[in-house]
Amino acid sequence: MESTGGSTVRISGLVRQFRTGAERLTAIDDVTLDVASGSVVALTGASGSGKSTLLHMIGAIEHADRGTVTVDDVEVTGLRRAALARYRQRVGFVFQRYHLLPALTVLDNVIAPVLPRRGRDDHVTRARELLDAVGLAGRERALPAQLSGGQQQRVAIARALMGAPGLLLADEPTGNLDSTTGAQILDLLLDLRDRHGMTILLATHERSIAARCDRLVRLGDGRVVEDVDLTDGEDPADTFDRAARLRL
Ligand SMILES: Nc1ncnc2c1ncn2[C@@H]1O[C@H](COP(=O)(O)OP(=O)(O)O)[C@@H](O)[C@H]1O
Ligand SMILES: [Mg+2]
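When we follow this note's numbering, the leftmost residue of the sequence shown carries the number 835, and every step to the right adds one.
Here is the structure:
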């Protein structure tokens, strides 16, 4: 697997509103945020605070009503169709419920997002390497239903890495997993970051997960209400104290 260095993300004055009947709800309310290359940021906040919407806007799944998202040198919020499709290929997305295709094998699930580009055989070697990297060597021919939740999330992570993304967006990736399996998934993400230099934005409301990230950004009603550098002058291994002290 090639290293991509890790994208920088610059978010400025971002706004997203939803109309529900006569009401207009501001899901993202003037968010400004810079994310450094190679950092792992925990996005926290109560349910409905805007975590998913923000991740979707960074990944260009949702449009912005105002403001900009810039990833490396690309202003994502200004992209038109062809460029938007290219950008989406460069970003990895991992969801809480894995979203694997049930009729496809593990290997074909990993290859699926890049299949329109070149033939299947061109991608098999890389997909096998990725499955090995996420600890699933030997399970290539299994179907998703034959795997545990943690294993299915590993497949989803391998799939997200197929395009060698500089940016990985993960929406509550451990939310469906028990705490031990969730911790192992975070171990994997941190290891992948260390080895490949990705930037990771991860929505979570589990304090044990957030405490192990480099930075915590908390949303409340679509606004940034807390932004803490968790690596600042302390032992990064000391996450229990950190979680308690920060009241995560
Ligand atoms: N497609 C949509 N239509 C209407 N309202 C939405 C839509 N998506 C999200 N919302 C609303 O936007 C707010 C933020 O939602 P979301 O980003 O899903 O929060 P979180 O991921 O933190 O739980 C919530 O009030 C939610 O109901
Ligand atoms: Mg959400």
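No residue lacks a Cβ here, since even glycine has one placed at the ideal position from N, Cα and C.
- Between the alpha carbons of Q851 and Q930 lies a gap of roughly 23 Å.
- Between L934 and L867, the alpha-carbon positions lie close to 31 Å from each other.
- The way I'd put it, the segment 884–899 doesn't touch the segment 944–964; fewer than three beta-carbon pairs between them come closer than 8 Å.
- Scanning the segment 980–1038 for uninterrupted beta strand (DSSP E) segments of 3 residues or longer gives 1001–1005 and 1033–1037, listed from N- to C-terminal end.
- In the three-state scheme derived from DSSP, where H, G and I count as helix and E and B as strand, D1061 is classed as strand.
- I862 and S982 have their alpha carbons spaced roughly 34 Å apart.
- Per DSSP, the unbroken alpha helix (DSSP H) holding S886 starts and ends at K885 to I892.
- Proximity to ligand 1 was defined by a C-beta distance below 6 Å to any of its heavy atoms, and the residues meeting it, in sequence along the chain, are F852, T854, L859, A861, G879, S881, G882, S883, G884, K885, S886 and T887.
- Closer than 8 Å to some heavy atom of ligand 2: that does not describe the Cβ of D955.
- Leaving aside the five residues that flank L1022 on each side, the residues in its chain whose CB is nearer than 8 Å to its CB run, in chain order, V968, G969, R988 and I991.
- Comparing alpha-carbon positions, the option among A898, D907 and D1005 lying closest to S871 turns out to be D907.
- Sixteen is the threshold: since fewer than 16 other Cβ atoms of the shown chains lie within 10 Å of the Cβ of Q980, the residue is exposed.
- For D864, the enclosing beta strand (DSSP E) begins and ends at E857 to V869.
- When DSSP states are grouped into helix, strand and coil, Q923 belongs to the helix group.
- For F852, the beta-bridge partners assigned by DSSP are L859.
- CA-CA distance, G997 to D1061, rounds to 30 Å.
- Taking the CA atoms as reference points, L1036 sits about 10 Å from F927.
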